[in-house]
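Visitor: Right, I'll just put the structure down here and ask away after.
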Amino acid sequence: MKYLFFTGFIMMSSVAAAQDLTARAPSESIVIDGETLPLKRPDSWFVKDIDRIISISPVSERCEVAPVRMVYMDSEQKKYVLEYRVMGNGCN
964 MKYLFFTGFI MMSSVAAAQD LTARAPSESI VIDGETLPLK RPDSWFVKDI
1014 DRIISISPVS ERCEVAPVRM VYMDSEQKKY VLEYRVMGNG CN
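Note that my numbering has the sequence shown beginning at 964, numbered continuously upward.
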């Protein structure tokens, strides 16, 4: 029973800490092809409003977790950059 309580407490603490970090994240932008676009980092596994994907950066050929950027348009035809992390293709 103690282990169950401890595990639940740790899980809730990590969720609260992650929400606190995303709430304090500064508004960032990135320049792509001479255009300044808002940079978004997902706070969940679901991005709600992607109407069209314009481009996705290549995945690293190294065996490590690396950032990938996707440029997309939402339903209001505004461009955004979504930055997320993936495992590289170099693991054999």
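For every residue, glycine included, the Cβ atom is placed at its ideal position computed from N, Cα and C.
Please return the same chain residues whose Cβ sits closer than 6 Å to the Cβ of R1025, not counting the five positions on each side in sequence.
Guide: G1051, G1053, listed in sequence order.
Visitor: DSSP three-state call for K962: helix, strand or coil?
Guide: Beyond the ends of the chain as shown, which are 964 and 1055, falls residue 962; an answer cannot be given.
Visitor: At the level of alpha carbons, what is the spacing between E998 and I1017?
Guide: Rounded to whole angstroms, E998 to I1017 spans 14 Å at the Cα level.
Visitor: Secondary structure at E991, three-state DSSP: helix, strand or coil?
Guide: Looking at E991 - three-state DSSP - the assignment turns out to be strand.
Visitor: Just to confirm the assignment, what range does the beta strand (DSSP E) spanning R1004 have?
Guide: Here R1004 belongs to no beta strand (DSSP E), and DSSP marks it neither H nor E.
Visitor: So what's S1023 in DSSP terms, helix, strand or just coil?
Guide: Correct three-state label for S1023: coil.
Visitor: Would you decide whether Y1035 is buried or exposed? Buried here means 16 or more other CB atoms lie within 10 Å of its CB.
Guide: Y1035 comes out buried.
Visitor: Is the distance from the Cβ of V1044 to the Cβ of I1013 below 9 Å?
Guide: No, they are not a contact pair.
Visitor: For I1016, which beta-bridge partners are listed by DSSP?
Guide: Answer by DSSP bridge pairing, in chain order: Y1035.
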